[in-house]
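Enquirer: Structure in structure tokens, see below.
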Amino acid sequence: MSSLQVREAALADLPPAVLYALLRLRVDVFVVEQECAYPELDGRDLEPTCVHVWADVDGTVAATLRVLRDADGRGRIGRVATAREFRGAGVAARLMERALELLEGSDVVLDAQAHLQHWYARLGFVAQGELFQEDGIPHVTMVRTA
131 MSSLQVREAA LADLPPAVLY ALLRLRVDVF VVEQECAYPE LDGRDLEPTC VHVWADVDGT
191 VAATLRVLRD ADGRGRIGRV ATAREFRGAG VAARLMERAL ELLEGSDVVL DAQAHLQHWY
251 ARLGFVAQGE LFQEDGIPHV TMVRTA
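In the working numbering, the protein residues as written are 131 to 276.
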């Protein structure tokens with residue numbers, strides 16, 4: 131990749147075209163590719179502590195995720211999505227590293243698609259609880275302790 135840059139911003143600080151690209155990528159991956167008709171815009175992007183993290187490769191949004199705080203004080207990483215043409219190149223791992231830096235000192239939770247459990251385990255996450263279905267896809271809650 132010629133020039134991968136990891137960027138981050140609160141919703142209010144995102145330029146409209148970037149926000150559109152982030153949301154478009156999430157819809158392309160979760161709603162279209164994975165064929166899950168669900169409310170992608172769930173309101174959590176509006177939370178004051180939400181930080182959007184994305185990979186910019188030569189002006190293209192290659193991957194995105196969001197960093198949140200749950201009511202119990204734990205950090206939460208969600209909506210991890212990578213454009214098909216950038217998968218397998220370490221882009222999402224770079225974003226996860228930045229997200230974990232932003233949540234340093236906190237336990238971090240995420241709901242992983244079951245087929246990605248081993249990928250998240252490489253980043254220090256441990257499965258907690260049983261598999262559950264979310265929008266027809268098996269998921270597992272995973273936690274990384276501070």
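We put the beta carbon where it would ideally sit given N, CA and C, even for glycine.
1) PRO268 by DSSP, collapsed to three states: which one?
2) Could you say if the stretch 257 to 267 and the stretch 223 to 234 meet the contact criterion of at least three C-beta pairs nearer than 8 Å?
3) Can you tell me which of the three DSSP states ALA192 falls into?
4) Taking the alpha-carbon positions, what's the VAL239 to GLY189 distance?
5) Could you pull the start and end residues of the beta strand (DSSP E) that GLU227 belongs to?
6) Which one of PHE262, LEU232, GLN247, ALA276 has the shortest CA to CA distance from GLU140?
7) Which of the three DSSP states, helix, strand or coil, is assigned to ARG252?
8) Roughly how many whole angstroms lie between the Cα atoms of ARG174 and ARG252?
9) How is LEU144 classed by DSSP in three states: helix, strand or coil?
10) Rounded to the nearest angstrom, what separates LEU149 and ARG217 at their Cα positions?
11) Would you decide whether PHE262 is buried or exposed? Buried here means 16 or more other CB atoms lie within 10 Å of its CB.
12) Can you give the Cα-Cα distance for ARG209 and ARG156, rounded to whole angstroms?
13) Taking C-beta to C-beta, are LEU230 and TRP184 nearer than 8 Å?
14) So, GLN247 versus VAL273, is the Cβ gap smaller than 8 Å?
Expert: Well, looking at it:
1) In the sequence shown, residue 268 corresponds to position 138, counting from 1. PRO268: strand per DSSP, three-state reduction.
2) no
3) Counting from 1 along the sequence shown, the entry for residue 192 is found at position 62. It is a strand residue.
4) Within the sequence shown, numbered from 1, the residue matching residue 239 stands at position 109. Within the sequence shown, numbered from 1, the residue matching residue 189 stands at position 59. If you take the alpha carbons of VAL239 and GLY189, they lie about 30 Å apart.
5) Taking the sequence shown and counting its residues from 1, one reaches residue 227 at position 97. Note, GLU227: premise wrong, no beta strand (DSSP E); alpha helix (DSSP H) at 221 to 232.
6) Translated into the one-based positions of the sequence shown, residue 140 becomes position 10. In the sequence under discussion, the amino acid at residue 140 is Ala, which differs from the Glu named in the question. Nearest C-alpha to ALA140: LEU232.
7) Locating residue 252 in the sequence shown gives position 122, counting from the first residue. Reduced to three states, the DSSP call for ARG252 is coil.
8) Your numbering for residue 174 matches position 44 in the sequence shown. Your numbering for residue 252 matches position 122 in the sequence shown. Distance between the alpha carbons of ARG174 and ARG252 is about 27 Å.
9) For the purposes of this step, residue 144 is identified with residue 14 of the sequence shown, where counting begins at 1. Three-state DSSP puts LEU144 in coil, outside helix and strand.
10) In the sequence shown, counting from the first residue as 1, residue 149 sits at position 19. In the sequence shown, counting from the first residue as 1, residue 217 sits at position 87. The alpha-carbon atoms of LEU149 and ARG217 are separated by roughly 21 Å.
11) The count along the sequence shown starts at 1 and reaches residue 262 at position 132. So PHE262 ends up on the exposed side.
12) Here the question's residue 209 lines up with position 79 in the sequence shown. Here the question's residue 156 lines up with position 26 in the sequence shown. Near 7 Å, if we compare the C-alpha coordinates of ARG156 and ARG209.
13) As a first step, residue 230 must be located in the sequence shown, where it is residue number 100. As a first step, residue 184 must be located in the sequence shown, where it is residue number 54. Cβ distance not < 8 Å, so LEU230 and TRP184 don't count as in contact.
14) Here residue 247 corresponds to residue number 117 of the sequence shown, with the count starting at 1. Here residue 273 corresponds to residue number 143 of the sequence shown, with the count starting at 1. It is not a contact, given that the beta carbons lie outside the stated cut-off.
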